[in-house]
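Q: Encoded as structure tokens, here's the structure I'll be asking about.
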Amino acid sequence: MQKLTLSGLVLGLSLPAMAQPTIDLQNNKPVDGQQFPVRTLSAWTWEGPAGADVDYAFYDLFSTGNQTYYTHAASSTPTSASIPSANMITTDGGNDTLFWNYAADGLYQVGARTSIELTSNYTDPILELKYPCTYGTTWSDVTVATYNTPLGQASRTGTITGHADAYGALGISGLYEPNVLRVKVRRDLSDVAAVATTRRITNTYYFFREATPWPILKLSVDSFSVNNGGYSVSREAKWMGGPGGLGFDEAAADQVTFSPYPNPTQGEVDLRVSAAEVRQIEVMDATGRAVIVMGRANSTGQDVALDLSALPAGVYHVRVHTKDGRTATQRLVRQ
Numbered sequence: 010m011q012k013l014t015l016s017g018l019v020l021g022l023s024l025p026a027m028a029q030p031t032i033d034l035q036n037n038k039p040v041d042g043q044q045f046p047v048r049t050l051s052a053w054t055w056e057g058p059a060g061a062d063v064d065y066a067f068y069d070l071f072s073t074g075n076q077t078y079y080t081h082a083a084s085s086t087p088t089s090a091s092i093p094s095a096n097m098i099t100t101d102g103g104n105d106t107l108f109w110n111y112a113a114d115g116l117y118q119v120g121a122r123t124s125i126e127l128t129s130n131y132t133d134p135i136l137e138l139k140y141p142c143t144y145g146t147t148w149s150d151v152t153v154a155t156y157n158t159p160l161g162q163a164s165r166t167g168t169i170t171g172h173a174d175a176y177g178a179l180g181i182s183g184l185y186e187p188n189v190l191r192v193k194v195r196r197d198l199s200d201v202a203a204v205a206t207t208r209r210i211t212n213t214y215y216f217f218r219e220a221t222p223w224p225i226l227k228l229s230v231d232s233f234s235v236n237n238g239g240y241s242v243s244r245e246a247k248w249m250g251g252p253g254g255l256g257f258d259e260a261a262a263d264q265v266t267f268s269p270y271p272n273p274t275q276g277e278v279d280l281r282v283s284a285a286e287v288r289q290i291e292v293m294d295a296t297g298r299a300v301i302v303m304g305r306a307n308s309t310g311q312d313v314a315l316d317l318s319a320l321p322a323g324v325y326h327v328r329v330h331t332k333d334g335r336t337a338t339q340r341l342v343r344q
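Residue numbers for the sequence shown follow my numbering, beginning at 10 and rising by one.
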């Protein structure tokens with residue numbers, strides 16, 4: 010086995026941190042006909058801390074399914090006549106359609122068409138995301154709605170609170186985003202109908218990247234109670250890109266893989282890279298800054314000796330770039 014040490018450049022660690030992301034109408038509104046494929050998992054255990062320059066490492070997310078969301082202009086459906094304030098709709102291709110108003114001051118849910126609510130025009134819309142939204146942004150809102158169900162009319166009241174409580178780097182197996190904004194949104198909705206009274210509390214953690222009008226990662230925990238009884242709790246994770254682990258999704262034959270060893274390391278680590286032509290290897294710190302850049306090598310099945318002894322202890326991400334444009338990222342701990 011050939012052991013190849015690439016020529017590397019350790020960059021100054023005093024480089025400025027990446028700017029805090031800002032989400033607004035211009036970079037967060039989808040266009041008519043866009044599709045957003047996501048990977049799904051019906052459980053998760055950790056949403057990570059709040060704060061600045063957080064390193065979110067969700068490498069324990071293993072995809073168990075796939076789903077595609079579609080966005081369209083509200084005028085594309087006749088139902089929009091019943092919900093005149095909507096300018097966009099989203100659907101997963103099933104029976105449920107959500108109606109939205111993308112406005113300069115925020116993203117509002119203004120209605121829905123579901124198997125439960127049928128078609129409902131919210132009397133007081135839900136402010137799901139305030140614009141512009143950056144680290145520290147907060148908001149609160151109330152909602153009121155009356156809608157028809159298959160069993161009669163129902164009424165809804167509730168509150169919504171939001172807080173952009175963190176920003177930093179996001180890592181999922183096969184995916185690394187150096188600059189994301191986390192937004193926590195809490196919905197507390199009570200519905201009263203002839204057959205039952207229900208309460209649903211949903212806490213959602215959105216991870217947004219600027220210029221991508223769909224969350225890169227969405228973590229939600231949903232608590233549901235009927236007639237003041239106990240709560241049933243469910244969790245769900247959805248993310249864009251990356252296999253999210255190799256558990257139920259087998260690695261594609263052409264996927265770039267590598268295994269840093271030892272990990273954690275006290276200095277030197279070997280990367281076994283399954284790529285014919287490696288163009289570049291980067292090491293990024295928790296803020297997404299490239300602190301090591303290694304040049305190109307052209308051989309198959311390389312052991313690349315990566316020396317981290319000049320870096321302080323902490324969590325880093327190693328990204329491998331191949332000549333044909335593929336990338337892979339792994340988390341690495343420097344002790």
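Quick reminder that beta carbons are idealized off the backbone N, C-alpha and C, glycines included.
Given the structure is predicted, the values throughout are model-derived calculations rather than measurements.
How far does the beta strand (DSSP E) with Asn188 in it reach, from first residue to last?
A: Counting along the chain, the beta strand (DSSP E) containing Asn188 begins and ends at Leu184 to Ala202.
Q: Should Pro58 go down as buried or exposed, given a rule of 16 or more other Cβ atoms within 10 Å for buried?
A: Exposed is the call here.
Q: Between Asp114 and Ala82, which are expected to be in contact by the criterion C-beta below 8 Å, what is the C-beta distance as a whole number of angstroms?
A: Asp114 to Ala82, Cβ: 20 Å. No contact.
Q: Per DSSP, what kind of secondary structure is Ala83 in: helix, strand or coil?
A: Helix, per DSSP.
Q: Apart from the five residues on each side of it in sequence, which residues of its chain come closer than 6 Å, Cβ to Cβ, to Leu179?
A: Counting only Cβ-Cβ distances below 6 Å, and skipping sequence neighbours, we find Tyr65, Glu186, Val189 and Phe216.
Q: Identify, in the order they occur along the chain, each residue of the same chain with its Cβ nearer than 6 Å to the Cβ of Tyr117, setting aside the five sequence neighbours on each side.
A: Same-chain partners within the cutoff: Asn110, Pro134 and Leu136.
Q: Exposed or buried, Gln44, counting other C-beta atoms within 10 Å across all chains shown (16 or more means buried)?
A: Label assigned to Gln44: exposed.
Q: Can we say the segment 87 to 102 touches the segment 317 to 325, given the rule of at least three CB pairs closer than 8 Å?
A: Touching, no.
Q: Could you pull the start and end residues of the beta strand (DSSP E) that Asn237 belongs to?
A: Note, Asn237: premise wrong, no beta strand (DSSP E); not H, not E.
Q: Enumerate in chain order the residues of its own chain whose CB-to-CB distance from Asn36 is below 6 Å, with the five nearest sequence positions on each side excluded.
A: For Asn36, where only same-chain residues beyond five positions count, the Cβ hits under 6 Å are Glu219 and Ala220.
Q: Below 8 Å between beta carbons: does that hold for Asp200 and Thr211?
A: No, Cβ-Cβ distance for Asp200 and Thr211 is not below 8 Å.
Q: What's the call for Trp248, buried or exposed, on a 16-neighbour Cβ count within 10 Å?
A: Buried.
Q: Roughly how many whole angstroms lie between the Cα atoms of Ala163 and Asn157?
A: Computed Cα separation, rounded: 6 Å.
Q: Please specify which runs of the alpha helix (DSSP H), each continuous and at least 4 residues long, are wholly inside the segment 88 to 121, giving them in chain order.
A: List check, alpha helix (DSSP H) in window: nothing returned.
Q: So the beta strand (DSSP E) Asn212 belongs to, where does it begin and stop?
A: Taken as a continuous stretch (DSSP letters only), the beta strand (DSSP E) holding Asn212 covers Thr206 to Phe217.
Q: Give the secondary structure of Leu70 by DSSP, where H, G and I count as helix, E and B as strand, and everything else as coil.
A: If DSSP states are grouped into helix, strand and coil, Leu70 belongs with coil.
Q: Just to confirm, are Asp197 and Gly171 a CB contact at a threshold of 8 Å?
A: For Asp197 and Gly171, no; Cβs fall outside 8 Å.
Q: Look up Asn36 in the DSSP assignment and say whether it is helix, strand or coil.
A: If DSSP states are grouped into helix, strand and coil, Asn36 belongs with the helices.
Q: Tell me the rounded alpha-carbon separation between Thr77 and Gly276.
A: Distance between the alpha carbons of Thr77 and Gly276 is about 42 Å.
Q: When the Cα atoms are used, what is the spatial distance from Ala262 to Ala154?
A: Note that Ala262 scores a pLDDT of 37, beneath 50, so its modelled location is shaky; the value from the coordinates is reported in the next line. Straight-line Cα distance between these residues: approximately 50 Å.
Q: Would the beta-carbon of Tyr68 fall within 8 Å of that of Ile181?
A: Closer than 8 Å, so yes.
Q: What residue range is occupied by the uninterrupted beta strand (DSSP E) comprising Arg3?
A: The first residue shown for the chain is 10 and the last is 344, placing residue 3 beyond what the model contains.
Q: Is Thr132 buried or exposed, if buried means 16 or more other CB atoms sit within 10 Å of its CB?
A: Per the 10 Å Cβ criterion, exposed.
Q: Label Thr54 either buried or exposed according to how many other C-beta atoms from any shown protein chain fall within 10 Å of its C-beta, with 16 as the threshold for buried.
A: Answer is exposed; the Cβ neighbour count stays below 16.
Q: Please return the same chain residues whose Cβ sits closer than 8 Å to the Cβ of Tyr140, not counting the five positions on each side in sequence.
A: Only Ile32, Asp33, Leu34, Asn37, Ala112, Ala113, Asp114, Gly115 and Leu116 meet the Cβ criterion.
Q: Mapping DSSP to helix, strand and coil, what is Met249?
A: Correct three-state label for Met249: coil.
Q: Might you give, ordered along the chain, the residues of its own chain that have their beta carbon closer than 6 Å to the beta carbon of Ser318, omitting 5 neighbours on each side?
A: Closer than 6 Å at Cβ, skipping near neighbours: Gly276.
Q: Taking Thr147 as the reference, give the member of Gly102, Ser129, Val194 and Thr336 with the closest Cα.
A: Nearest option by C-alpha distance: Val194.
Q: Throw me the rounded Cβ distance for the Gln339 and Pro269 pair, which I believe falls under 8 Å.
A: About 6 Å; that satisfies the 8 Å criterion.
Q: Work out the CA separation of Val302 and Gln289 for me, nearest whole Å.
A: Between Gln289 and Val302, the C-alpha separation is close to 7 Å.
Q: Quick one: is Ala28 buried, meaning 16 or more other Cβ sit within 10 Å of its Cβ, or exposed?
A: Exposed, by the Cβ-count rule.
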